[in-house]
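S.K.:
In our numbering, the protein residues as written are 2 to 188.
#1: Apart from the five residues on each side of it in sequence, which residues of its chain come closer than 7 Å, Cβ to Cβ, to residue 47?
#2: Please report the distance separating the alpha-carbon of residue 98 from that of residue 33.
#3: Figure out for me which residue from 181, 24 and 29 has the closest Cα to the Cα of residue 88.
#4: Assuming residue 20 contacts residue 123 under a Cβ cut-off of 8 Å, what Cβ separation, rounded to an integer in Å, is found between them?
#5: Beta-carbon within less than 6 Å of residue 7's beta-carbon, same chain only, minus the 5 sequence neighbours each way: which residues are those?
#6: Short of 8 Å in beta carbon distance, which residues of its chain neighbour residue 45, apart from the five on each side in sequence? Order them along the chain.
#7: Does residue 1 come out as helix, strand or coil in the three-state DSSP assignment?
#8: Going straight from the alpha carbon of residue 130 to that of residue 95, what length do you get?
#9: Using alpha carbons as the reference points, say which of 171, 164 and 104 lies closest to residue 16.
#10: Taking only runs of the alpha helix (DSSP H) that begin and end inside the segment 67–98, which ones reach a length of at least 4 residues, in chain order?
#11: What ranges does the alpha helix (DSSP H) occupy inside the segment 105–173, keeping only unbroken runs of at least 4 residues that lie completely in it?
#12: Can you say whether residue 73 is buried or exposed, counting buried as having 16 or more other CB atoms within 10 angstroms of its CB?
#13: What do you reckon, are the CB atoms on residue 10 and residue 56 nearer than 8 Å?
#14: Can you tell me the Cα-Cα spacing of residue 116 and residue 152, whole angstroms?
#15: Under the three-state reduction of DSSP, which class applies to residue 103: helix, strand or coil?
#16: Under 8 Å between the Cβ atoms of residue 127 and residue 141?
#17: Find out if the Cβ-Cβ distance for the pair residue 191, residue 51 is shorter than 8 Å.
#18: With a CB to CB cut of under 8 Å and the five nearest residues on each side skipped, what residues in its chain are close to residue 118?
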């Protein structure tokens with residue numbers, strides 16, 4: 002079970018599985034550590050060890066590319082998921098518990114983790130919904146890495162007001178964004 006302040010790694014490409022993994026971790030009361038699958042092995046290993054991450058949610062393909070000592074749960078492997086409960090998980094997370102941790106390159110070039118509590122992200126997202134008038138739109142595209150802090154804005158603000166999130170593919174993302182904007186689909 003995931004406890005409050007337990008960081009769970011999310012090493013997934015931009016996908017519905019990525020979004021479900023993040024929401025599942027938060028719903029269980031844990032906190033997520035976004036890990037870009039394209040990161041160098043050294044950086045991934047450092048982040049996992051520095052943050053004391055007990056579990057990484059990923060896919061079989063990405064797990065095969067990683068050489069880590071951390072337990073992995075491959076979301077594309079039904080053998081792990083078949084035995085899981087479909088009940089709402091109990092949790093005791095509070096506003097003061099961690100929501101996520103973002104690693105930056107740091108001024109020394111060594112990655113540095115920044116811990117974000119639920120109260121801080123909720124305060125920011127509440128402001129962002131109003132400031133960006135998110136409720137007036139119909140959704141938002143997500144074309145940035147989950148390891149980029151600003152992705153929290155494009156990922157969560159539409160969901161908070163019942164709008165859609167469009168997860169653009171990582172391959173040819175500029176073309177995908179251009180196609181979306183030219184399609185006339187309301188955002």
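Each residue gets a CB set at the ideal place from its N, CA and C atoms; glycine is no exception.
M.R.: Taking the structure as given:
#1: Here residue 47 corresponds to residue number 46 of the chain shown, with the count starting at 1. Closer than 7 Å at Cβ, skipping near neighbours: 112.
#2: On the chain shown, residue 98 is found 97 positions in, with the first residue counted as 1. On the chain shown, residue 33 is found 32 positions in, with the first residue counted as 1. If you take the alpha carbons of residue 98 and residue 33, they lie about 12 Å apart.
#3: Within the chain shown, numbered from 1, the residue matching residue 88 stands at position 87. Nearest option by C-alpha distance: 29.
#4: If you number the chain shown from 1, residue 20 lands on position 19. If you number the chain shown from 1, residue 123 lands on position 122. About 18 Å; that fails the 8 Å criterion.
#5: As a first step, residue 7 is located in the chain shown; it is residue number 6 there, counting from the start. Hits under 6 Å: 31.
#6: Within the chain shown, residue 45 is the residue found at index 44, counting from 1. Excluding sequence neighbours, residue 45 sits near 12, 36, 67 and 69.
#7: Outside the modelled stretch of the chain, which goes from 2 to 188, sits residue 1, for which no answer is possible.
#8: Residue numbering aside, residue 130 sits at position 129 when the chain shown is read from its first letter. Residue numbering aside, residue 95 sits at position 94 when the chain shown is read from its first letter. If you take the alpha carbons of residue 130 and residue 95, they lie about 22 Å apart.
#9: By 1-based counting over the chain shown, the position of residue 16 is 15. Here the closest residue by C-alpha is 171.
#10: For the segment 67–98, the continuous alpha helix (DSSP H) assignments of 4+ residues that do not extend past its boundaries occur at 79–82, in sequence order.
#11: 119–132 and 152–161
#12: Numbered from its first residue, the chain shown carries residue 73 at position 72. Residue 73 comes out buried.
#13: Against the chain shown, residue 10 aligns to sequence position 9. Against the chain shown, residue 56 aligns to sequence position 55. Against a cut-off of 8 Å, the Cβ pair of residue 56 and residue 10 comes out as a contact.
#14: Translated into positions along the chain shown, residue 116 becomes position 115. Translated into positions along the chain shown, residue 152 becomes position 151. Those two C-alpha atoms are separated by around 16 Å.
#15: Taking the first residue of the chain shown as 1, we reach residue 103 at position 102. Three-state result, residue 103: strand.
#16: The count along the chain shown starts at 1 and reaches residue 127 at position 126. The count along the chain shown starts at 1 and reaches residue 141 at position 140. Cβ distance not < 8 Å, so residue 127 and residue 141 don't count as in contact.
#17: Because the chain is modelled from 2 through 188, residue 191 falls outside the range shown and cannot be assessed.
#18: Reading the chain shown from its first residue, position 117 is the one you call residue 118. Here the set comprises 96, 97, 98, 99 and 100.
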